[in-house]
Amino acid sequence: MVANSSEASPDNQAKHDSQISLNSRDGGEFSNLVPQVLDSDDDSETASSSNSDSESDYEENSEAIATTIVQEIDEGTYICLVCTCEIDRQSEIWSCQECFRVYDLECIKDWAVRGSSTTGNREWRCPSCNFEHSTLPNKFTCWCGRIKNPKPDTLVPFSCGNPCDAKYTDCVHSCSSVCHPGEHPQCGALGPVMKCHCGKH
């Protein structure tokens, strides 16, 4: 009698059973894709968490710099890197707007004059961050730069006591903090910029 061709041979049946066993054990034909999708989601969450942590660390570091400047000047322990003498509330100062390091005005003025005389473009470098400045420091102002020879402030040394009002570079708002050393805090204003109904503004 001729064997029914529809019946599987023992070898084919064994291979079929083996494949079913593998698929069942591994979770099916597409089971290997599931961990990849989950890993992708986990990576996105990790990246988002990392960005949030970086922003938080950045804000904390900026606040720490400003706090240290105010505290050490109050205590008379802030060091001018040019003359290595202490800076206190009675000093006349100049602050680098790149690294926010504070210097005695006469010291940094002398440093800038000597530094600019060695370059053709008259630029000089900050002793702390090495940033190139194109103008010589020649006046004592409050932190925001609007008031010359500021009167002693009871809270923040060398502050004029007015709102900083410096324009942010990444939005239309201004810094609302009182005239301060260090970097401007991140803008906390809410809402996008919107046009009026007539479209003129």
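Per full-length UniProt numbering, the very first residue in the sequence shown carries number 1; after that it's consecutive.
Don't be surprised by glycine CBs; every beta carbon is placed ideally from N, CA and C.
Residue i versus residue j: straight-line alpha-carbon distance, rounded
i	j	result
Y78	I69	7 Å
R125	C99	12 Å
C96	D74	19 Å
S177	W143	12 Å
D88	T135	25 Å
V60	A66	Here residue 60 turns out to be Glu, not Val, going by the sequence shown. Roughly 10 Å separates the two Cα atoms.
S91	V172	35 Å
S174	T154	24 Å
V113	C80	17 Å
D104	G188	33 Å
Secondary structure of residue i, DSSP reduced to three states
i	result
R125	strand
S116	helix
N23	Low confidence applies to N23: its pLDDT is 46, below 50, so where it sits in the model is not reliable enough to give any reading.
S134	coil
T141	strand
K109	helix
E98	coil
I87	strand
Q36	Low confidence applies to Q36: its pLDDT is 46, below 50, so where it sits in the model is not reliable enough to give any reading.
E7	At E7 the pLDDT is 49, less than 50, meaning the model places this residue with poor confidence and gives no usable figure here.
I65	helix
I73	helix
Burial state of residue i, where buried means 16 or more other Cβ atoms lie within 10 Å
i	result
S24	Confidence in S24 is poor, its pLDDT being 45 and thus under 50, which makes the residue's placement too unreliable to answer from.
S117	exposed
Y168	exposed
C164	buried
K200	exposed
C198	exposed
D170	exposed
P181	buried
P157	buried
Run of the beta strand (DSSP E) containing residue i, from where it starts to where it stops
i	result
W94	I93 to S95
D104	V102 to D104
Supposed contact pair residue j and residue i - C-beta distance, whole angstroms, cut 8 Å
i	j	result
C83	R101	No, C83 and R101 are not in contact; Cβ-Cβ is about 13 Å, not under 8 Å.
W94	P150	Contact flag wrong, Cβ pair sits at about 13 Å.
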